[in-house]
Amino acid sequence: MDLSYSPQEQAFQEEVRAFLADELPADIAARVKAGEEVSKADTERWHAILQSRGWLAQTWPEEHGGPGWGPVERHIFDEEAARAYAPRILPFGLQMLGPVLIKFGSDEQKAHYLPRILDGTDWWCQGYSEPGAGSDLASLKTKAVREGDEYVVNGQKTWTTLGQHADWIFCLVRTDAGAKPQAGISFLLIDMKTPGIEVRPIKLIEGGHEVNEVFFTDVRVPAENLVWKENDGWTVAKYLLTHERTGIAGVGFSIAALERVKALAARTMRGGKRLIEDPLFAARLAEVEMDLEAMKIFNLRMLAEAQRVGHPGVETSMLKIRGTEVRQALNDLYRRALGPAAALIPGEAPGGNAALVEPEDEAAAASYFNNRKISIFGGSNEIQKNILTKAMLEL
Amino acid sequence: MNFEMTDDRRMLADSLGKLLGSQYGIEHRNAVAYEAPFHDKAGWNALAELGIIYAFVSEDAGGMGGSGFDLLAVFEQMGAALCPEPLLGAAMAAPLLAEAGEDLEPLLAGEAIYALAVDELEAPWDAEGGTTEGGAALTGRKTSVYGANAATHFLVSARQAGKLALFEVKAEDAAVTPWGMIDGGGAGEVMLDGTPARCLLPDAGETIAAALDRGRLALCAEAVGAMDWCYATTLDYLKSRKQFGREIGSFQALQHRMVEMKTAIEQARSITILAADRMDGHTTAMAKSLVGRTARKVSEEAIQLHGGIGMTWEYPLSHYAKRLVMLDAQLGDADFHTARVAGSYA
Ligand SMILES: Cc1cc2nc3c(=O)[nH]c(=O)nc-3n(C[C@H](O)[C@H](O)[C@H](O)COP(=O)(O)OP(=O)(O)OC[C@H]3O[C@@H](n4cnc5c(N)ncnc54)[C@H](O)[C@@H]3O)c2cc1C
């Protein structure tokens, strides 16, 4: 057994580090580090930098403009990028729709949409969830009725992440109301500027605006915007979801989070001692570190297996559960390390007394609350357990 | 053995619950809780008129209570309604002012709003760890002063002649920088720079420690009230939310989590009752630690079991969830109090 990266992989890791050191704009990294919302402009800037290196569409094959990386390279990049406080790559166009079009799209669709994703012309969002259809996605109700060369769409999507910035939304819609839930669903691309679409913000627990409700009233969509076959959208949806789940362990985020908690605890004084010397706090941190070290290897084992057999296994669900638990535990310790000052609302540090909380730590509690989401979306942890139960136990 | 509340306390709790229900509906609550001065004068006056503050003071000193169970009766209701008013300061100030032989009438009538200023940046939750010094004037920096923006008076701990003393500082004399708390309500920093102060108790170490423990008990009771609310709300949601053609409450995986949650809440309630009965530092530390841990767990479970809706500002649960997590950071978190308990073993 050899747990280290191969010489080529090590060289690649060095290359990624050097790239991040040279190319990641310091102002953007600082905002990511401070837990501020990453603006549309920041995301676009970062995407463009990655694209100019050919590293943006990491899961796409080379013929469509991807870098030709395997799972290990992608993992190395994710880890290094998170540690350097790079903004996350927006997944909707690049990691979700792109692979779907490459597998299921028509030649015209590929030729039209893929380059526009790469050069940032189109910002995509994901229209899967509805108020009545969360974990049970197949119960979705948004209707699309074919009229000549158009679909007429009526209904509502919700939880649409960054839909306020989006040019396009990919939607699951019901095209056959009489069929069984999983049948009769289609995968449709909709221009957000079409008349009849209304986007309403949803404010989240910590006060931020990242999700929206999207309402469709008699929205007319050209029939050529159907991906794959009518009433067979579920096949497409499931393929997309397997892409959503890759990299979801968030190892890189947790490595960065662990380093921050350690640094904060090392400079925080509590009753004449540094917090890092407090046996209770240190023990908690140590336990999370053990979980994280184990998870790194678990993740690599899964990647090696995926590389061997050609697709990820059911272990992705285990990694999603453990990965979100570790991240949330680190978010919790980070907030706790600040003591009572963690309650300060970000951006409201009393003037002149900035030392109450360093600006880069102000969002600790807000991030903790916001990150409750990671065990809910992308298939909640309970749903992951159901998947594992079915796949493993044979009960 | 009798775990029933006395009639007096039950009546007080009932009327308080009704008053909070009518004065602090969640929208109004949020408007008050997230905007300076984080305090609603009319609501505060109504609380005072109901005689709530009298429940914090013994009959000898002119009040109508002062026991741990009085604190419990009041703060459970405050937690259940998520009321952001600075009642914690009054609960801690009452015994201090009584000990000092001060006129309690302004406090009891709600005219004077007191906030306790003991925390310092490098020694949170621990009055003895502070470095502020003084006599007729004080110099130092007090952080995390809850209710600072509404306060008319601060009770400040500071060293004088080698002892921890208690001083009163008028709000208009101090430089207060208020800040809003993420879970609602206000706190602030009090900057003292040769600020005029009046010494109330020259040797106040034990009295301040006891007052802080009363505050901790109040926070435990507040958490119990808020946890009960979260449990009931989550249970209702599990009964009404349908996925896969059935109520999500019919999934055994979620049923067991609800049972765990309820068991944990009953444990938290029980140790809070014990602390209210004993009113000693050791038991209060046990209660604050256990309740702190439980409150976070309940908060996280309640959000998770709701799914996305539990993450939204519009849904009241999210505000209860924030309060339940953040009250651990007030007056000593779970680790701080676990260390107090563990320290007694040596
Ligand atoms: C911040 C955020 C961003 C999101 N972004 C997007 C987006 O961009 N696009 C999009 O389409 N969607 C998005 N989502 C939606 C997300 O995918 C759903 O919230 C998620 O699938 C859960 O659905 P729900 O919220 O309706 O919860 P529900 O499905 O109602 O679940 C409630 C609870 O019941 C549990 N549960 C449900 N069924 C079972 C079962 N069979 N067994 C055991 N437990 C069960 C769940 O785990 C959860 O704990 C986002 C959500 C959030 C919170």
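Those protein sequence lines, which keep their order, are chains A and B.
Letter by letter, the first sequence follows residues 536 to 930 of the working numbering.
Letter by letter, the second sequence follows residues 5 to 350 of the working numbering.
We put the CB at the ideal spot given by N, CA and C, even for glycine.
For clarity, every value in this text was computed on a predicted model and none was experimentally measured.
Have a look at V567(A) and A818(A) and give me their C-alpha separation to the nearest angstrom.
The residue you call residue 567(A) lines up with position 32 of the first sequence. The residue you call residue 818(A) lines up with position 283 of the first sequence. In a straight line, the C-alpha of V567(A) is about 28 Å away from that of A818(A).
Quick check on N6(B): buried or exposed, where buried means 16 or more other Cβ atoms within 10 Å of its Cβ?
If you number the second sequence from 1, residue 6(B) lands on position 2. The Cβ neighbour count for N6(B), taken over all protein chains shown within 10 Å, is under 16; the residue is labelled exposed.
Assuming A839(A) and P847(A) are in contact, meaning their beta carbons sit under 8 Å apart, how far apart are those beta carbons, in whole angstroms?
In the first sequence, the residue the question calls residue 839(A) occupies position 304. In the first sequence, the residue the question calls residue 847(A) occupies position 312. Contact doesn't hold; Cβ gap of about 11 Å is too wide.
Please report the distance separating the alpha-carbon of R862(A) from that of A85(B).
For the purposes of this step, residue 862(A) is identified with residue 327 of the first sequence, where counting begins at 1. For the purposes of this step, residue 85(B) is identified with residue 81 of the second sequence, where counting begins at 1. Cα to Cα, R862(A) sits roughly 31 Å from A85(B).
Do we get a CB-CB distance below 8 Å when we pair A227(B) with the residues of chain A?
Taking the first residue of the second sequence as position 1, residue 227(B) is located at position 223. Among the CB atoms of chain A, none fall inside 8 Å of the CB of A227(B).
Which one of S574(A), P716(A), A583(A) and T924(A) has the shortest CA to CA distance from T770(A)?
Counting from 1 along the first sequence, the entry for residue 770(A) is found at position 235. Cα-wise, what sits closest to T770(A) is P716(A).
Residue ranges of each alpha helix (DSSP H) run of no fewer than 4 residues wholly in the region 92–131 of chain B, ordered along the chain?
Qualifying alpha helix (DSSP H) stretches, in chain order: 109–112.
8 Å Cβ cut-off: residues of chain A touching M185(B):
The residue given as residue 185(B) occupies position 181 in the second sequence. For the C-beta of M185(B), the chain A residues within less than 8 Å are, from N- to C-terminus, A878, L879 and I880.
Applying a beta-carbon distance threshold of less than 7 Å, which residues of chain B neighbour M804(A)?
The sequence position of residue 804(A) within the first sequence is 269, counting from 1. Here the neighbours are E126.
For Q334(B) and chain A, any beta-carbon pair shorter than 8 Å?
Locating residue 334(B) in the second sequence gives position 330, where the first residue counts as 1. Yes, its Cβ sits closer than 8 Å to a Cβ of chain A.
How would you list, in chain order, the residues of chain B whose beta-carbon sits under 7 Å from the beta-carbon of E665(A)?
As a working mapping, residue 665(A) is identified with position 130 in the first sequence. The contacting residues do not exist; E665(A) stays about 11 Å from chain B at best.
Beta-carbon separation (whole angstroms), V749(A) vs G698(A), contact threshold 8 Å
Taking the first residue of the first sequence as position 1, residue 749(A) is located at position 214. Taking the first residue of the first sequence as position 1, residue 698(A) is located at position 163. Between G698(A) and V749(A) the Cβ distance is about 6 Å, and since that is below 8 Å, they are a contact.
Please tell me whether W317(B) has its Cβ less than 8 Å away from any Cβ of chain A.
For the purposes of this step, residue 317(B) is taken as the residue at position 313 of the second sequence. By this cut-off, W317(B) is an interface position.
Taking 8 Å as the cut-off, decide whether the C-beta atoms of A201(B) and L142(B) are in contact.
In the second sequence, residue 201(B) corresponds to position 197, counting from 1. In the second sequence, residue 142(B) corresponds to position 138, counting from 1. Result yes, Cβ atoms of A201(B) and L142(B) sit closer than 8 Å.
By DSSP, does N6(B) sit in helix, in strand, or in coil?
Counting from 1 along the second sequence, the entry for residue 6(B) is found at position 2. N6(B) falls in the coil class under three-state DSSP.
Under a CB-based cut-off of 8 Å, is R735(A) close to chain B?
For the purposes of this step, residue 735(A) is taken as the residue at position 200 of the first sequence. False, the Cβ-Cβ gap to chain B never drops below 8 Å.
C-beta atoms of L865(A) and A876(A) nearer than 8 Å:
Counting from 1 along the first sequence, the entry for residue 865(A) is found at position 330. Counting from 1 along the first sequence, the entry for residue 876(A) is found at position 341. In this structure, L865(A) keeps its C-beta atom at 8 Å or more from the C-beta atom of A876(A).
Measuring only the C-alpha atoms, how far is A306(B) from T238(B)?
Along the second sequence, one-based indexing puts residue 306(B) at 302. Along the second sequence, one-based indexing puts residue 238(B) at 234. C-alpha separation (whole angstroms): 6 Å.
Near-chain A residues of the region 76–89 of chain B (beta-carbon distance less than 8 Å), N- to C-terminal order:
Within the region 76–89 of chain B, no residue qualifies.
For the region 99–130 of chain B, which residues have a CB atom closer than 8 Å to at least one CB atom of chain A, in sequence order?
Cβ contacts with chain A come from D123, L125, E126, A127, P128, W129 and D130.
Would you kindly check if the distance between the Cβ of D671(A) and the Cβ of F248(B) is under 8 Å?
Here the question's residue 248(B) lines up with position 244 in the second sequence. Here the question's residue 671(A) lines up with position 136 in the first sequence. Yes. Within cutoff.
Within 8 Å of any Cβ in chain B, is that where the Cβ of K797(A) sits?
Taking the first sequence and counting its residues from 1, the one referred to as residue 797(A) is at position 262. Using a CB distance cut-off of 8 Å, K797(A) does not count as an interface residue toward chain B.
Give a yes or no on whether the minimum CB-CB distance between E39(B) and chain A is below 8 Å.
As a working note, residue 39(B) is residue 35 in the second sequence. So, not an interface residue.
Determine the DSSP secondary structure at V734(A), reduced to helix, strand or coil.
Counting from one through the first sequence, the residue named residue 734(A) turns up at place 199. Of the three classes helix, strand and coil, the one that applies to V734(A) here is strand, per DSSP.
Run the CB neighbour count on V849(A), radius 10 Å, all protein chains shown included, and call it buried at 16 or more, exposed below.
Numbered from its first residue, the first sequence carries residue 849(A) at position 314. When all chains shown are included, V849(A) counts as exposed.
Give a yes or no on contact between the region 796–806 of chain A and the region 124–132 of chain B, applying the rule of three or more CB pairs nearer than 8 Å.
Output reads yes: the region 124–132 of chain B touches the region 796–806 of chain A.
According to a CB-to-CB cut-off of less than 9 Å, which residues of the region 849–862 of chain A neighbour chain B?
If you check each beta-carbon in the region 849–862 of chain A against every beta-carbon of chain B, none falls closer than 9 Å.
Of all the options D64(B), R163(B), L54(B) and A102(B), which has the alpha carbon lying nearest to the alpha carbon of G114(B)?
Walking along the second sequence from the start, residue 114(B) turns up at place 110. Distances from the CA of G114(B) to each of D64(B), R163(B), L54(B) and A102(B) were compared; the closest alpha carbon is that of L54(B).
Assign L4(B) to one of three DSSP states: helix, strand, or coil.
Only positions 5 to 350 of chain B appear in the structure, and residue 4(B) is not among them; the question remains open.
Quick one: grab the DSSP three-state call for C660(A).
Here residue 660(A) refers to the residue found at position 125 when the first sequence is read from its first residue. When DSSP states are grouped into helix, strand and coil, C660(A) belongs to the strand group.
Is the CB of D896(A) under 8 Å away from at least one CB in chain B?
Taking the first residue of the first sequence as position 1, residue 896(A) is located at position 361. Taking Cβ atoms only, chain B never reaches closer than 8 Å to D896(A), which makes this a no.
Chain A contact for G312(B) (CB, 8 Å cutoff)
Within the second sequence, residue 312(B) is the residue found at index 308, counting from 1. Under the 8 Å criterion on CB atoms, G312(B) is classed as interfacial with respect to chain A.
For E748(A), the three-state DSSP class (helix, strand or coil)
For the purposes of this step, residue 748(A) is identified with residue 213 of the first sequence, where counting begins at 1. Residue state, collapsed to three classes: strand.
Which term fits V844(A), buried or exposed, when burial requires 16 or more other beta carbons within 10 angstroms of its beta carbon?
Stepping through the first sequence from its first residue, residue 844(A) is reached at position 309. With fewer than 16 other Cβ atoms from the protein chains shown falling within 10 Å of its own Cβ, V844(A) counts as exposed.
Under 8 Å between C-beta atoms, does S148(B) make it to chain A?
Translated into the one-based positions of the second sequence, residue 148(B) becomes position 144. S148(B) counts as touching chain A.
Between T143(B) and chain A, is there a C-beta pair that is closer than 8 Å?
Taking the second sequence and counting its residues from 1, one reaches residue 143(B) at position 139. For T143(B), not one C-beta of chain A is nearer than 8 Å to its own C-beta.
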